[in-house]
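Beneath this line is the structure, given in structure tokens, with notes to follow.
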Amino acid sequence: MSTTANVFLGAAAFALIIGAIYWFLSYEAAGTMMLLTMAVGLLIATGYVAAARRRTRLPADVAGLSPADEGSESVGVFASQSAWPALLALGCAVGLTGLIYGWWLALLGALGITAALVGLMREDRPARSR
Amino acid sequence: MNAANGASAAGAPALPPPAPRLGLLGWLTTTNHKQIGILYMATTLGFFALSGLMALVIRADLAVPNHPLVGRQEYAELFTLHGTAMIFLVIAPFGLGMANYILPLQVGAPDMAYPRLNALSYWLFLLGGLVVMSGLLTRDGAAAAGWFAYAPLSTTGSPGTGMDLWCVGLLMTSASSIMTAINLIATTVLYRAPGMTMWRIPVFCWDMVVTSLIILMAFPPLAATLSLILIDRRLGGHVFDPTHGGSAVVYQHLFWFFGHPEVYVMVLPFFGMITEIIPVFSRKPVFGYTGFVLSTLAIAGLSMSVWAHHMFVTGAVDDPFFSAMSLLIAVPTGIKYVNWIGTMWRGAIVFPTAMLFAVGFLLNFLLGGVTGVMLAAPPIDFWTNNTYFVVAHMHYVLGGGSMFAAVAAVYYWFPKITGVMLRETWGRLQFWLMFVGFNATFWPMHLLGLWGMQRRIVTYPPLPGWQALNLVATAGAALLGVGVIVFLANIWVSLRRPVPAGADPWGGFTLEWTTTSPPPEFNYEAIPPIRSERPAFDMRHPEFAGGADGP
Numbered sequence: 128m129s130t131t132a133n134v135f136l137g138a139a140a141f142a143l144i145i146g147a148i149y150w151f152l153s154y155e156a157a158g159t160m161m162l163l164t165m166a167v168g169l170l171i172a173t174g175y176v177a178a179a180r181r182r183t184r185l186p187a188d189v190a191g192l193s194p195a196d197e198g199s200e201s202v203g204v205f206a207s208q209s210a211w212p213a214l215l216a217l218g219c220a221v222g223l224t225g226l227i228y229g230w231w232l233a234l235l236g237a238l239g240i241t242a243a244l245v246g247l248m249r250e251d252r253p254a255r256s257r
Numbered sequence: 013m014n015a016a017n018g019a020s021a022a023g024a025p026a027l028p029p030p031a032p033r034l035g036l037l038g039w040l041t042t043t044n045h046k047q048i049g050i051l052y053m054a055t056t057l058g059f060f061a062l063s064g065l066m067a068l069v070i071r072a073d074l075a076v077p078n079h080p081l082v083g084r085q086e087y088a089e090l091f092t093l094h095g096t097a098m099i100f101l102v103i104a105p106f107g108l109g110m111a112n113y114i115l116p117l118q119v120g121a122p123d124m125a126y127p128r129l130n131a132l133s134y135w136l137f138l139l140g141g142l143v144v145m146s147g148l149l150t151r152d153g154a155a156a157a158g159w160f161a162y163a164p165l166s167t168t169g170s171p172g173t174g175m176d177l178w179c180v181g182l183l184m185t186s187a188s189s190i191m192t193a194i195n196l197i198a199t200t201v202l203y204r205a206p207g208m209t210m211w212r213i214p215v216f217c218w219d220m221v222v223t224s225l226i227i228l229m230a231f232p233p234l235a236a237t238l239s240l241i242l243i244d245r246r247l248g249g250h251v252f253d254p255t256h257g258g259s260a261v262v263y264q265h266l267f268w269f270f271g272h273p274e275v276y277v278m279v280l281p282f283f284g285m286i287t288e289i290i291p292v293f294s295r296k297p298v299f300g301y302t303g304f305v306l307s308t309l310a311i312a313g314l315s316m317s318v319w320a321h322h323m324f325v326t327g328a329v330d331d332p333f334f335s336a337m338s339l340l341i342a343v344p345t346g347i348k349y350v351n352w353i354g355t356m357w358r359g360a361i362v363f364p365t366a367m368l369f370a371v372g373f374l375l376n377f378l379l380g381g382v383t384g385v386m387l388a389a390p391p392i393d394f395w396t397n398n399t400y401f402v403v404a405h406m407h408y409v410l411g412g413g414s415m416f417a418a419v420a421a422v423y424y425w426f427p428k429i430t431g432v433m434l435r436e437t438w439g440r441l442q443f444w445l446m447f448v449g450f451n452a453t454f455w456p457m458h459l460l461g462l463w464g465m466q467r468r469i470v471t472y473p474p475l476p477g478w479q480a481l482n483l484v485a486t487a488g489a490a491l492l493g494v495g496v497i498v499f500l501a502n503i504w505v506s507l508r509r510p511v512p513a514g515a516d517p518w519g520g521f522t523l524e525w526t527t528t529s530p531p532p533e534f535n536y537e538a539i540p541p542i543r544s545e546r547p548a549f550d551m552r553h554p555e556f557a558g559g560a561d562g563p
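As given, the protein sequences belong to chains A and B, one line each in that order. Read left to right, the first sequence gives residues 128 to 257 (my numbering). Read left to right, the second sequence gives residues 13 to 563 (my numbering).
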């Protein structure tokens, strides 16, 4: 397995062992549940990383490879500008303060969040279909 | 050290060509990791200034006995917002902000894995912080239940909307931190340059990966806790209300399951920064790279299993278990000290400001660590709980530790970020002001705590020894404040009258020093071969390339 998967697995094993020890020493439910939830979450991540590793091998993990060897390789497309993240955050702020000041503010926030999510998804489409 | 005797390969460094002005709209819509990193750090500086002013008011209030400057309610708001801001809006996000700028450069990535998610994280953080602070503008004042907001003080005990705004704001910053953690892990795992194996990434990147893991484990319980407080407050819930079958102790379990790992979210990034700085200025590779990484992982694991040492006085937790686990953390932390001292041992050490602050960190954090071991013992904790001894301990860890490391990191990476050097003379002055000021402020608090002075009291009687030590602490705080002003003035002057830094003013080891200062939009025109955790050093000294010890 990759180093990343080993890190997740090691952390999951630690949480599982400590969770078991903690339960038998204290019989306290809240802490035990949190430790076990932590273990389950990490095990899911381990499985995902291990499965992805079987499908692809990253050039970064090949010790003898140089960046120049992979010069023509595309590493992905990176957005350089987008207004939607700031608007989405603003929608969250307005919507959540609506819990305090009234449903009309929550509604306004929900509208902002919806508009920003739609904007983000439209931005994600390939240029040709826009 | 300055630009003139740095190791810039291309002769005398020149000022970078003026970058195109971004404009307000540009900053609002940017998704570039470097600009978001700058936004993070500038925002934390703003919250730091606000929170620091609150601390100065607190110290002025306590300068002399029986003479409070503010009322009890205002005092409670001050210490609540000071703690909240420093923890949630300054120290932890500064680490994330620096990682935003530096981590993609160090692993050879063109940007963060999810640039728009990264921008969302920043805006949630900024707006969340402003929502927390907006409590000051409400009729009943801001949150006043302390930064850990124990129930029922935070539920039935705080009827004002300031407490609701505190919960909502922190809910937003929690979501922001979780998203940043996902982004940092994904960037490190997926976007490393060819040849940059996980065992070649800089220690700072390892520390950010581990910090991100802690965030992913610890912040969801915080978000749940904040939501449950809101349910109790706004929707008639009784989750933490013992009179209706709820439990206030469960609140403490939930909060500290987040709260103690959060200490390491505020410490591990700074361990990483120090570990970048010490080898460069000792002219040696880091001593025990693998041991360092493994000890970081051990700290992370242990940090998740010590939460209830904050709850010894409830009498409702397993003292031996939590005491033993807490004491164990001293072992991997001690290993780090061996790494740092081993790196400096017989090195050709130079002391620019960054290194001075790094050594200041080592000294201050050591004291914070030792008092942490003391507090892990229940008998000592019973005696000192809720006293100024605890205040001294946590400030040595987070102020003398993390804050000193943050300043060291600014001096170290400012040339990379801006292309210009900070003034060294000002930096040295700042170091001594802050080092003396910090220790004068917080060292006396150990004694005050042992002599029984409670934390969070608006004033105190003139008991033997208390008056003099409180006056020393207040004078120290003023000195610390002057140090911060010198720092801000240094940044201002250095930007107004720039001294060019060149690509690599320090003779750095890691990949970011091989690109221009500041780097181009997608970071690198060309990346050199990576054969060890010191690719920049390998490039300059091919005769030692591949991890062999340098001269």
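Using N, Cα and C, we set each Cβ at its ideal position, and we do this for glycine too. Just so you know, these numbers come straight off a predicted model, no measurement behind them.
Who are residue i's beta bridge partners in DSSP?
{"i": "Gly-109 of chain B", "result": "Paired residues: none, contrary to the question."}
{"i": "Val-432 of chain B", "result": "B:Pro-512"}
{"i": "Gly-174 of chain B", "result": "B:Ala-154"}
{"i": "Gln-466 of chain B", "result": "B:Thr-399"}
{"i": "Gln-208 of chain A", "result": "B:Thr-42"}
Helix, strand or coil for residue i? Go by DSSP, reduced to three states.
{"i": "Thr-399 of chain B", "result": "strand"}
{"i": "Thr-42 of chain B", "result": "strand"}
{"i": "Ala-75 of chain B", "result": "coil"}
{"i": "Ser-506 of chain B", "result": "helix"}
{"i": "Met-386 of chain B", "result": "helix"}
{"i": "Pro-532 of chain B", "result": "coil"}
{"i": "His-405 of chain B", "result": "helix"}
{"i": "Arg-204 of chain B", "result": "coil"}
{"i": "Val-143 of chain B", "result": "helix"}
{"i": "Tyr-154 of chain A", "result": "coil"}
{"i": "Phe-566 of chain B", "result": "Residue 566 of chain B lies beyond the stretch modelled for chain B, which goes from 13 to 563, so this question has no answer here."}
{"i": "Ala-237 of chain A", "result": "helix"}
{"i": "Trp-159 of chain B", "result": "coil"}
Beta-carbon of residue i versus every beta-carbon of chain B: anything under 8 Å?
{"i": "Phe-141 of chain A", "result": "yes"}
{"i": "Ile-171 of chain A", "result": "no"}
{"i": "Arg-257 of chain A", "result": "Its pLDDT being 39, under 50, Arg-257 of chain A is placed unreliably in this model, and the value from its coordinates should be taken loosely. By this cut-off, Arg-257 of chain A is not an interface position."}
{"i": "Gly-137 of chain A", "result": "yes"}
{"i": "Ala-190 of chain A", "result": "yes"}
{"i": "Thr-159 of chain A", "result": "no"}
{"i": "Tyr-175 of chain A", "result": "no"}
{"i": "Thr-308 of chain A", "result": "Nothing about residue 308 of chain A can be reported from this structure: the residues present for chain A run from 128 to 257 only."}
{"i": "Val-245 of chain A", "result": "no"}
Does the beta carbon of residue i sit closer than 8 Å to a beta carbon anywhere in chain A?
{"i": "Val-409 of chain B", "result": "no"}
{"i": "Arg-128 of chain B", "result": "yes"}
{"i": "Ile-227 of chain B", "result": "no"}
{"i": "Asp-516 of chain B", "result": "no"}
{"i": "Met-210 of chain B", "result": "yes"}
Here's a check: name, in chain order, each residue in its chain whose Cβ is nearer than 7 Å to the Cβ of residue i, leaving out the five neighbours to either side.
{"i": "Ser-506 of chain B", "result": "Val-432, Met-433, Leu-434, Arg-435"}
{"i": "Ser-209 of chain A", "result": "Glu-250"}
{"i": "Leu-481 of chain B", "result": "Pro-456, Leu-459, Leu-460"}
{"i": "Ala-111 of chain B", "result": "Leu-196, Met-220, Pro-281"}
{"i": "Ala-567 of chain B", "result": "Only positions 13 to 563 of chain B appear in this structure, which leaves residue 567 of chain B out of reach."}
{"i": "Met-66 of chain B", "result": "Leu-90, Leu-93, His-94"}
{"i": "Pro-473 of chain B", "result": "Pro-77, Asn-78"}
Report yes if the C-beta distance between residue i and residue j is below 8 Å; otherwise report no.
{"i": "Leu-139 of chain B", "j": "Leu-162 of chain A", "result": "no"}
{"i": "Gly-439 of chain B", "j": "Asn-398 of chain B", "result": "no"}
{"i": "Asn-130 of chain B", "j": "Ile-48 of chain B", "result": "yes"}
{"i": "Thr-150 of chain B", "j": "Gly-174 of chain B", "result": "yes"}
{"i": "Phe-270 of chain B", "j": "Ala-230 of chain B", "result": "yes"}
{"i": "Asp-176 of chain B", "j": "Ile-227 of chain A", "result": "yes"}
{"i": "Leu-266 of chain B", "j": "Pro-233 of chain B", "result": "yes"}
{"i": "His-250 of chain B", "j": "Trp-319 of chain B", "result": "no"}
{"i": "Ala-213 of chain A", "j": "Leu-40 of chain B", "result": "yes"}
{"i": "Ala-235 of chain B", "j": "Ala-187 of chain B", "result": "yes"}
{"i": "Asp-253 of chain B", "j": "Pro-164 of chain B", "result": "yes"}
Between residue i and the rest of its own chain, which residues show a CB-CB distance below 6 Å, the 5 nearest in sequence each way excluded?
{"i": "Gly-225 of chain A", "result": "Leu-232, Ala-233, Gly-236"}
{"i": "Ala-417 of chain B", "result": "Phe-282, Met-285, Ile-286, Phe-373"}
{"i": "Gln-442 of chain B", "result": "Gly-495, Val-498, Phe-499"}
For residue i, which residues from the same chain have a beta carbon less than 8 Å from its beta carbon, with the 5 sequence-adjacent residues on both sides left out?
{"i": "Thr-527 of chain B", "result": "Leu-117, Ala-515, Asn-535, Tyr-536, Glu-537"}
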